[in-house]
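In terms of this note's numbering, the sequence shown is residues 655 to 800. Backbone N, C-alpha and C fix where the C-beta goes; we use that ideal spot for every residue, glycine too. These figures come from a predicted structure and were not determined experimentally. Here is the structure we will look at.
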Amino acid sequence: MTADNKKLKILFLCTGNSCRSQMAEGWARQLKGDEFASFSAGVETHGLNPHAVKVMAEVGVDISAQQSKLIDELPAMDFDYVVTLCDHAAEACPTYSGKTKVVHRSFPDPPKLATGAISEQEVLVHYRLVRDLIKKYVDEMPGNLE
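Written out as structure tokens, the structure is:
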């Protein structure tokens, strides 16, 4: 699938569009760019998390230019899949009609995991864990979307 109109349109949705959905969008662009047109958004916006940017850069995925955005800020389009990456996003996810399939796959929240970490290196351990879990999930797409 090389033409953009033949690519699966996938939206990754989480609470603040700061970590998990940003990582998923970055991985999808890196690993599945020929197959997917990937987008991310949040039910809130918390700004792009610098720790997420850092751990993605460690593995050669640059998400630094991505923007934290609300789902309502996306251009109107028919997504093939909306993947909710946390329980809050699943509960707040808008209803989609037509062919859009909503899939829920919850990942831990890196900032919550890092609560109580006493050093930057300790914080990054938690972000790397979630980064790697999301990579595995995206790498197995689209087979795990059914």
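Counting only runs that start and end inside the segment 661-703, the alpha helix (DSSP H) elements of at least 4 residues fall at 674-686. A distance below 9 Å separates the beta carbons of Ala-678 and Ile-788. Close CB contacts of Leu-685 within its chain, under the 7 Å cut and outside five residues either way in sequence, are with Val-792, Asp-793 (chain order). Nearest to Asn-671 by C-alpha distance, out of Ala-682, His-700, Gly-680, is His-700. With a beta-carbon spacing of about 29 Å, Val-756 and Ala-768 fall beyond the 8 Å limit used to define contacts. Non-local beta-carbon contacts of Lys-790 in its own chain, meaning distances under 7 Å to residues more than five positions away in sequence, are absent.
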